[in-house]
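Beneath this line is the structure, given in structure tokens, with notes to follow.
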Amino acid sequence: MPWPVLLQRAERERLRDTYIANLFWAANRARTEGVEVLIEPIAQRNMPGFFLNRQDEAHDLVAETGAPNLKILMDLSIARFPRATCDEDAQVC
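Numbering-wise (the numbering used here), the sequence shown opens with residue 1 and increments by one.
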């Protein structure tokens with residue numbers, strides 16, 4: 001594997017760890033106030049470089065935090081991107 005790709009993966013893992021820690025902190029803080037926290041994956045084509053851009057990745061992050069008040073916004077207008085996996089009536093993504 002080329003060296004730049006390995007560096008990108010290592011950086012992404014470091015950023016992911018920081019993102020999870022921040023989500024955990026924010027969700028716990030919000031929970032004490034009775035507030036829910038909402039995250040939204042945004043497709044790379046809409047916002048290049050945005051960290052969170054896939055629904056499945058968002059669900060993994062929420063599961064890792066274990067925070068019951070951490071929720072995911074699903075924008076159906078972009079749900080088919082970047083991986084066209086939603087069926088016709090958006091029942092399965």
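We treat Cβ as the ideally placed atom computed from N, Cα and C, and that holds for glycine.
Going by DSSP in three states, I42 sits in which element: helix, strand or coil?
Reduced to three states, the DSSP call for I42 is coil.
Which residues does DSSP pair with V37 in a beta bridge?
Its beta-bridge partners are L70.
At what residues does the alpha helix (DSSP H) containing D56 begin and finish?
55-65 is the span of the alpha helix (DSSP H), which, as asked, contains D56.
Identify, in the order they occur along the chain, each residue of the same chain with its Cβ nearer than 8 Å to the Cβ of V37, setting aside the five sequence neighbours on each side.
Closer than 8 Å at the Cβ level, and outside the excluded window around V37, lie L23, A26, A27, A30, A67, N69, L70, K71.
Distance check for T32 and C93, CA to CA, integer angstroms please.
Bear in mind that the predicted position of C93 carries a pLDDT of just 46, short of 50, making it unreliable; the figure below should be weighed with that in mind. Between C93 and T32, the C-alpha separation is close to 32 Å.
Taking all protein chains shown into account, do 16 or more other C-beta atoms lie within 10 angstroms of the C-beta of T18, making it buried, or fewer, making it exposed?
T18 should be labelled exposed.
Looking at the structure shown, is D75 part of a helix, part of a strand, or coil, going by DSSP?
Note: D75 maps to coil in three-state DSSP.
Just to confirm, are I20 and L61 a CB contact at a threshold of 8 Å?
Result yes, Cβ atoms of I20 and L61 sit closer than 8 Å.
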